[in-house]
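Q: Residue numbers (the numbering used here): -16 to 211.
A virtual CB, placed ideally from N, CA and C, is assigned to each residue, including glycine.
Quick one: the structure is below, questions incoming.
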């Protein structure tokens, strides 16, 4: 039987992941709208309502399996529909729209760090909060820490330059046309290539960069709270 702490941890990870992938997809939709494509808005996909964004495999099954197996909790939401023909400069704007997704995750990680700093300083300097509020501090620390870790992971994962991830759309913007055509030819096989990368190179491509970036943010939090 799962302990209450384990159940709480799973719930926090699940809610944080769902929130993060929804923000990621909304960022794509808003950026596309900014560059002239209203498709996501017209189809009701620019919303924080989770139901239109849920992808059974990427939002539920895969994260659950990764959580059970102890691997990195990777997931995705249903991609926001985008019509590049509406862009003023399709190649350039497509790359910008793609880049906004990972950028939204890194921004959430930074926001989580700032909230964690504020919470840490409040509990450090207000004695009334320290009396009998240890569980509240632990909960906020868990929530913010989870947001930081998940969004560092999602940001780095989505920058892998393999279809259908955002990184491959960004890379297409800068590749010579010959190599861009080769990358585009990989799209039907992108999911399988990605699975191979995650299984055999995940430690180097995902885990090490994620641990480094989240370590920098947690180190910044500890340094600020210790100094103020």
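Give the straight-line distance between the Cα atoms of residue 34 and residue 187, rounded to the nearest whole angstrom.
A: 34 Å
Q: Applying the criterion that 16 or more other CB atoms from any shown protein chain within 10 Å of the CB defines a buried residue, is residue 108 buried or exposed?
A: exposed
Q: Taking the CB atoms as reference points, tell me whether residue 173 and residue 147 lie closer together than 8 Å.
A: yes
Q: Three Cβ pairs or more, each shorter than 8 Å: is that satisfied between the stretch -9 to 9 and the stretch 85 to 95?
A: yes
Q: Expressed to the nearest angstrom, what Euclidean distance is found between the alpha-carbon atoms of residue 213 and residue 22?
A: Residue coverage of the chain in this structure runs from -16 to 211, which leaves residue 213 outside it and unanswerable.
Q: Which one of 211, 63, -8 has the shortest CA to CA distance from residue 105?
A: 211
Q: Expressed to the nearest angstrom, what Euclidean distance is found between the alpha-carbon atoms of residue 76 and residue 194?
A: 31 Å
Q: Give every residue of the same chain whose Cβ lies closer than 6 Å to the Cβ of residue 45, excluding the five residues on either side of it in the sequence, and list them in chain order.
A: 58
Q: Ordered along the chain, which non-local residues of its own chain (more than five positions away) have a Cβ less than 6 Å from that of residue 102?
A: 123
Q: From the DSSP output, in three-state form, read off residue 2 for me.
A: helix
Q: Helix, strand or coil: how does DSSP classify residue 109 here?
A: coil
Q: Around the Cβ of residue 15, are there at least 16 other Cβ atoms within 10 angstroms (buried) or fewer (exposed)?
A: buried
Q: Measure the alpha-carbon distance for residue 151 versus residue 73 and round it to whole angstroms.
A: 15 Å
Q: DSSP state of residue 43, grouped into three classes?
A: Residue state for residue 43 is assigned as helix, using DSSP reduced to three classes.
Q: Over the uninterrupted alpha helix (DSSP H) stretch that includes residue 192, give me the two end residues.
A: 191 to 210
Q: Please report how far the alpha carbon of residue 120 lies from the alpha carbon of residue 204, in whole angstroms.
A: 15 Å
Q: Got a sec, what are the start and stop residues for the alpha helix (DSSP H) residue 212 sits in?
A: No statement about residue 212 is possible, as the shown extent of the chain runs from -16 to 211 and does not include it.
Q: Could you give the C-beta distance for residue 166 and residue 184, rounded to a whole number, given that I count them as a contact under 8 Å?
A: Actually they do not touch by this definition, with Cβ atoms about 18 Å apart.
Q: Do you know how far the Cα of residue 36 is from the Cα of residue 85?
A: Distance between the alpha carbons of residue 85 and residue 36 is about 17 Å.
Q: Measuring alpha carbon to alpha carbon, tell me which residue in 83, 118, 132 is nearest residue 149.
A: 83
Q: Using a threshold of 8 Å, state whether the C-beta atoms of residue 189 and residue 137 are closer than that.
A: no
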